[in-house]
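Trainee: Going by this note's numbering, the first residue of the sequence shown is number 201, and it counts up by one from there. Let me begin by handing over the structure; questions about it come next.
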Amino acid sequence: MPASDVSAEAIAARLSAAGLTTHVEEHVRHTTVKAEIPESLSAESWREVLVAAAEADRFGLHVTSLNGRTLWAVVRKAVPATGDVGGPGHQR
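Spelled out as structure tokens, the structure:
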């Protein structure tokens with residue numbers, strides 16, 4: 201398992217331990233972890249959530265009046281050391 205998968209799974213596990221339901225999405229260059237944040241989340245749980253999210257390369261909170269609050273965290277996948285790293289049309 202690549203290191204990025206371990207990081208994303210570790211973040212998801214920490215968020216789950218804080219009482220949140222998580223969803224992990226695999227993409228070509230990164231893995232995203234999302235979790236719905238309930239209105240009743242305690243200050244202690246918020247701290248745990250923020251510490252977990254800080255392990256990601258990027259994270260944020262998406263808030264809407266229709267869907268509530270969703271935390272997202274992005275972990276970039278490691279770039280291969282050799283081979284066709286950039287794909288077609290990219291300079292090497």
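Ideal placement from N, C-alpha and C gives every residue a C-beta, glycine not left out. Keep in mind it's a predicted model, so treat the numbers as computed, not measured.
1) Give the DSSP-derived three-state secondary structure of ARG292 in the structure shown.
2) Is the beta carbon of ILE211 sitting closer than 7 Å to the one on ALA256?
3) Closest by CA to SER240, which one among THR222, ALA218, THR231?
4) What's the C-alpha gap between ALA208 and GLU236?
5) For GLU225, which three-state DSSP category applies?
Mentor: Straight from the coordinates:
1) At ARG292, the pLDDT of 44 sits below 50, so the modelled position is not reliable; the number obtained from the coordinates is stated separately. Three-state result, ARG292: coil.
2) yes
3) Comparing Cα positions, the closest option is ALA218.
4) Roughly 16 Å between the two C-alpha positions.
5) If DSSP states are grouped into helix, strand and coil, GLU225 belongs with the strands.
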